[in-house]
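Protein chains: 2
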Amino acid sequence: MTVTARQVPIHPPGPSGSPSAANLLVMTSSHRYLEMAEELESELQHVPVGSRVPSEHALASRFGVSRPTARAALQELERRLLVHRVQGRGTFRRGRLDYVISPAWPPSFSETLRRAGGVPGVRLISVAVRRAVEQECRQLALPAASAVWSVERVFTVNGEVAAYATSVLPYRALPGLDVALTGEPSLATALRRRYGIAVQRLRYRISLASPPQVIADHLTVDRTPTWLAESVNRTSHGTPIESARTYMRADVLNISFEMEERTP
Amino acid sequence: MTVTARQVPIHPPGPSGSPSAANLLVMTSSHRYLEMAEELESELQHVPVGSRVPSEHALASRFGVSRPTARAALQELERRLLVHRVQGRGTFRRGRLDYVISPAWPPSFSETLRRAGGVPGVRLISVAVRRAVEQECRQLALPAASAVWSVERVFTVNGEVAAYATSVLPYRALPGLDVALTGEPSLATALRRRYGIAVQRLRYRISLASPPQVIADHLTVDRTPTWLAESVNRTSHGTPIESARTYMRADVLNISFEMEERTP
DNA sequence: CAGTGGTCTAGACCACGGG
DNA sequence: CCGTGGTCTAGACCACTGG
Numbered sequence: 008m009t010v011t012a013r014q015v016p017i018h019p020p021g022p023s024g025s026p027s028a029a030n031l032l033v034m035t036s037s038h039r040y041l042e043m044a045e046e047l048e049s050e051l052q053h054v055p056v057g058s059r060v061p062s063e064h065a066l067a068s069r070f071g072v073s074r075p076t077a078r079a080a081l082q083e084l085e086r087r088l089l090v091h092r093v094q095g096r097g098t099f100r101r102g103r104l105d106y107v108i109s110p111a112w113p114p115s116f117s118e119t120l121r122r123a124g125g126v127p128g129v130r131l132i133s134v135a136v137r138r139a140v141e142q143e144c145r146q147l148a149l150p151a152a153s154a155v156w157s158v159e160r161v162f163t164v165n166g167e168v169a170a171y172a173t174s175v176l177p178y179r180a181l182p183g184l185d186v187a188l189t190g191e192p193s194l195a196t197a198l199r200r201r202y203g204i205a206v207q208r209l210r211y212r213i214s215l216a217s218p219p220q221v222i223a224d225h226l227t228v229d230r231t232p233t234w235l236a237e238s239v240n241r242t243s244h245g246t247p248i249e250s251a252r253t254y255m256r257a258d259v260l261n262i263s264f265e266m267e268e269r270t271p
Numbered sequence: 008m009t010v011t012a013r014q015v016p017i018h019p020p021g022p023s024g025s026p027s028a029a030n031l032l033v034m035t036s037s038h039r040y041l042e043m044a045e046e047l048e049s050e051l052q053h054v055p056v057g058s059r060v061p062s063e064h065a066l067a068s069r070f071g072v073s074r075p076t077a078r079a080a081l082q083e084l085e086r087r088l089l090v091h092r093v094q095g096r097g098t099f100r101r102g103r104l105d106y107v108i109s110p111a112w113p114p115s116f117s118e119t120l121r122r123a124g125g126v127p128g129v130r131l132i133s134v135a136v137r138r139a140v141e142q143e144c145r146q147l148a149l150p151a152a153s154a155v156w157s158v159e160r161v162f163t164v165n166g167e168v169a170a171y172a173t174s175v176l177p178y179r180a181l182p183g184l185d186v187a188l189t190g191e192p193s194l195a196t197a198l199r200r201r202y203g204i205a206v207q208r209l210r211y212r213i214s215l216a217s218p219p220q221v222i223a224d225h226l227t228v229d230r231t232p233t234w235l236a237e238s239v240n241r242t243s244h245g246t247p248i249e250s251a252r253t254y255m256r257a258d259v260l261n262i263s264f265e266m267e268e269r270t271p
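Okay, structure coming up:
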């Protein structure tokens, strides 16, 4: 059985207009900016990441439309995650990195990014001690209201902000974590070097969410949806050691989440 | 909820404005549509899903802005997945369903949706037999160029199109699948009733992608990014039985992907 | 300083849905 | 039929980046 190739009725059959050409013009003229987007998208296929894309003004005159229309076309390409726009600088070809999460690989942002061919960076925003809330105690298998480290970090890839994470770790088990982190902002590395702990994934849950304003500011984006990963990591002995919430820009990273093969 | 309320500042703050007040106006007036979006977002928190949201025209007069500006505010809310707009009908509050994928649960779209509190529907688009490409043979553990069923389906939730899937299954193992599916569009149910096969997840990979135009048409959306799930299911004996590619609307479903707990 | 994108106006016509 | 959202124009001013 085939797909039937449903006959689509002609669109607005203009008043006795000339046959096909007229129909084509009518159809197209009401979606001019989408046509432009299609045309530009196909041209962009062969353009290297980071290249400059013509300006709104240039496109307006090339396609013979007003600037708002040319702008709409570029915004459409931005929604499709194909380009990246910066006020005062221009529009540029964008490429996303494939960030693969798998139970088989260690839970390090930097490691995962390097694997994807990116140059990772970490910036420590804050380290603080506070009492854990109920959910955090449950996830880390701690007594109620235990003291925990709260670590706030921003991650970059190829110089661009890509993610924001808040991690919560048990305080007693990790004395001097604040000092350890100021010299070595990679949490996985700090845990290994300072405490001999090799972290592994325990739980991971990912979804798509519109970030709160505060976090959107850290990510230097508007509040369009981003990845939200909620994770718990453990030591090689099975003890939960870190609970994290990570927001990741969907226009920079294409998260690809792989499920472990079940042993049959 | 009444309209107006909020005293809206006078618009064009003419030259020689008053000092600090003027500064405030300048700051705000350059992000008027975002201010509107913030205000509307907070109002929308308490609005039930499906409710009508004021029209562009109404908002323009309420906030004292032009229609394009009011429109920009509503589009911002749409990007944040808070509202849903239909030409000729209006703007409505949107709610996403939490679609949870976990190795522990059976790989049935309908089942998963019911679990999330939605009313699922399936529409069969096509069933066909063809030769498998190399990758499909590998995933299904079949000899090269084996015959396979290719099944195309569209899924709805609460009457709205939510997903589009193409499944590939071995032909020899499933005689008469086309007939079985015309009466029972749920693949999991058909496999169980007709062949006594209980499918389970084997592999699952999820990411975010801009769908091809053909699939965007099936989903009745523009080409904004959607979820793309690539999955392989197996029988209870471990034999791969289905390989699928599923596009799911991110504005309808919030996919939440859970990793199995590793046995320590 | 020129060029870029970001915002905004005040209109216009169209396609669509429902009464 | 009217009201909705979808598209478009031809301008305007602003904020930001870079040389």
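Note that the protein sequences, when read in sequence, are chains A and B.
With the numbering used here applied, the first sequence covers 8 to 271.
With the numbering used here applied, the second sequence covers 8 to 271.
Cβ coordinates follow ideal geometry from the N, Cα and C atoms, glycine included.
Quick check: what's the CA-CA separation for N165/B versus L176/B? What you label residue 165/B is simply residue 158 of the second sequence in a count that begins at 1. What you label residue 176/B is simply residue 169 of the second sequence in a count that begins at 1. The straight-line gap from Cα to Cα measures roughly 28 Å.
For the candidate residues R137/A, A77/A, P192/A, whose alpha-carbon lies nearest to that of P127/A? In the first sequence, residue 127/A corresponds to position 120, counting from 1. Closest option to P127/A, Cα to Cα, is P192/A.
CB L88/B to CB A44/B, shorter than 8 Å? For the purposes of this step, residue 88/B is taken as the residue at position 81 of the second sequence. For the purposes of this step, residue 44/B is taken as the residue at position 37 of the second sequence. No, Cβ-Cβ distance for L88/B and A44/B is not below 8 Å.
Specify whether the region 104 to 112 of chain B and the region 106 to 118 of chain A touch according to this definition: at least 3 beta carbon pairs, one from each stretch, less than 8 Å apart. no
For D105/A, the first and last residue of its enclosing beta strand (DSSP E): Position 98 of the first sequence, counted from the first residue, corresponds to residue 105/A. Run containing D105/A: 104 to 108, per the beta strand (DSSP E) assignment.
Measure the CB-CB distance between E265/A and R212/B and report whether it falls below 8 Å. Position 258 of the first sequence, counting from 1, holds the residue named residue 265/A. Position 205 of the second sequence, counting from 1, holds the residue named residue 212/B. Yes, they are a contact pair.
Run the CB neighbour count on T253/B, radius 10 Å, all protein chains shown included, and call it buried at 16 or more, exposed below. Locating residue 253/B in the second sequence gives position 246, counting from the first residue. Classification for T253/B: buried.
In the DSSP assignment, the beta strand (DSSP E) including R199/A goes from what residue to what residue? Along the first sequence, read from residue 1 onward, the residue named residue 199/A stands at position 192. Run containing R199/A: none in the beta strand (DSSP E); it sits in the alpha helix (DSSP H), 194 to 202.
Taking 7 Å as the limit between beta carbons, can you name the residues of its chain near S117/A, skipping five residues before and five after? Translated into the one-based positions of the first sequence, residue 117/A becomes position 110. Excluding sequence neighbours, S117/A sits near P127, V129, S193.
Separation of W234/A from A216/A, as counted between CA atoms: Sequence index remark: in the first sequence, residue 216/A carries index 209 (1-based). Sequence index remark: in the first sequence, residue 234/A carries index 227 (1-based). For A216/A and W234/A, the distance between alpha carbons rounds to 6 Å.
Please decide whether N261/B counts as near chain A, where near means a Cβ-Cβ distance under 8 Å. Position 254 of the second sequence, counted from the first residue, corresponds to residue 261/B. Yes - at least one Cβ of chain A is within 8 Å of the one on N261/B.
At which residue ranges does the region 91 to 149 of chain A contain complete beta strand (DSSP E) runs of 3 or more residues, listed in the order of the chain? 97 to 100, 104 to 108, 127 to 138
If you measure from the beta carbon of F162/B to each beta carbon in chain A, is any gap under 8 Å? Stepping through the second sequence from its first residue, residue 162/B is reached at position 155. Not closer than 8 Å to any Cβ of chain A, the Cβ of F162/B fails to qualify, so no.
Boundaries of the beta strand (DSSP E) in which L235/A is found, first to last residue: Residue numbering aside, residue 235/A sits at position 228 when the first sequence is read from its first letter. 233 to 241 is the extent of the beta strand (DSSP E) around L235/A.
Rounded to a whole number of angstroms, what is the C-alpha to C-alpha distance between R256/B and A169/B? As a working note, residue 256/B is residue 249 in the second sequence. As a working note, residue 169/B is residue 162 in the second sequence. When rounded, the distance between both Cα atoms is 5 Å.
Per the contact definition of three or more C-beta pairs closer than 8 Å, is the region 146 to 158 of chain A in contact with the region 215 to 231 of chain A? no
Of all the CB atoms in chain A, is at least one closer than 8 Å to the CB of P7/B? Chain B is shown only over 8 to 271; residue 7/B falls outside these bounds and no answer can be derived.
What's the call for S58/B, buried or exposed, on a 16-neighbour Cβ count within 10 Å? As a first step, residue 58/B is located in the second sequence; it is residue number 51 there, counting from the start. S58/B is exposed by the Cβ-count criterion.
Do you know offhand how far L66/B's Cα is from T246/A's? What you label residue 66/B is simply residue 59 of the second sequence in a count that begins at 1. What you label residue 246/A is simply residue 239 of the first sequence in a count that begins at 1. Those two C-alpha atoms are separated by around 54 Å.
Can you find a CB in chain B that lies within less than 8 Å of the CB of M255/A? As a first step, residue 255/A is located in the first sequence; it is residue number 248 there, counting from the start. False, the Cβ-Cβ gap to chain B never drops below 8 Å.
R258/B, buried or exposed, once every other Cβ within 10 Å from all chains shown has been counted against 16: On the second sequence, residue 258/B is found 251 positions in, with the first residue counted as 1. In the sequence as presented, Arg is not what sits at residue 258/B; that position holds Asp. Burial call: buried.
Quick one: does P182/B have its CB under 8 Å from some CB of chain A? For this step, residue 182/B is matched to residue 175 along the second sequence. With 8 Å as the cut-off, P182/B does not count as an interface residue toward chain A.
Could you check where the alpha helix (DSSP H) with M43/A kicks off and where it finishes? Stepping through the first sequence from its first residue, residue 43/A is reached at position 36. Taken as a continuous stretch (DSSP letters only), the alpha helix (DSSP H) holding M43/A covers 39 to 51.
Counting only the same chain and skipping the five closest in sequence on each side, list residues whose C-beta sits under 7 Å from that of R39/B. As a first step, residue 39/B must be located in the second sequence, where it is residue number 32. Excluding sequence neighbours, R39/B sits near V72, T76.
What's the C-alpha gap between P182/B and A197/B? The sequence position of residue 182/B within the second sequence is 175, counting from 1. The sequence position of residue 197/B within the second sequence is 190, counting from 1. Cα to Cα, the separation comes out at about 12 Å.
Bounding residues of the beta strand (DSSP E) (the contiguous stretch that carries E191/B): Within the second sequence, residue 191/B is the residue found at index 184, counting from 1. Taken as a continuous stretch (DSSP letters only), E191/B belongs to no beta strand (DSSP E), as it is neither H nor E.
With 8 Å as the threshold, decide whether the Cβ of M266/A is near any Cβ in chain B. Reading the first sequence from its first residue, position 259 is the one you call residue 266/A. It does: the Cβ of M266/A has a partner Cβ on chain B nearer than 8 Å.
At a Cβ threshold of 8 Å, is R201/B touching chain A? Here residue 201/B is taken as the residue at index 194 of the second sequence, counted from 1. Closer than 8 Å: no.
What separation, rounded to the nearest whole angstrom, lies between the Cα atoms of V158/B and G190/B? Position 151 of the second sequence, counted from the first residue, corresponds to residue 158/B. Position 183 of the second sequence, counted from the first residue, corresponds to residue 190/B. Taking the straight line from one Cα to the other gives about 14 Å.
DSSP state of S68/B, grouped into three classes? By 1-based counting over the second sequence, the position of residue 68/B is 61. Reduced to three states, the DSSP call for S68/B is helix.
Report yes or no: is there a C-beta of chain B within less than 8 Å of the C-beta of L51/A? Mapped onto the first sequence, residue 51/A falls at position 44. With 8 Å as the cut-off, L51/A does not count as an interface residue toward chain B.
From the DSSP output, read off the bridge partner residues of I213/B. Here the question's residue 213/B lines up with position 206 in the second sequence. Answer is F264/A, A236/B, bridged to I213/B.
Decide if S68/A is buried, meaning its Cβ has at least 16 other Cβ atoms within 10 Å, or exposed. In the first sequence, residue 68/A corresponds to position 61, counting from 1. So S68/A counts as exposed.
Give the straight-line distance between the Cα atoms of A180/A and E167/B, rounded to the nearest whole angstrom. Along the first sequence, one-based indexing puts residue 180/A at 173. Along the second sequence, one-based indexing puts residue 167/B at 160. Answer to the nearest angstrom: the Cα atoms are 50 Å apart.
Within chain A, partners of R87/B - CB distance below 8 Å: For this step, residue 87/B is matched to residue 80 along the second sequence. Per Cβ cutoff of 8 Å: S217, R230, T231, P232.
DSSP beta-bridge partners of V175/B: Counted from its first residue, the second sequence places residue 175/B at position 168. According to DSSP, V175/B bridges with S157/B, S250/B.
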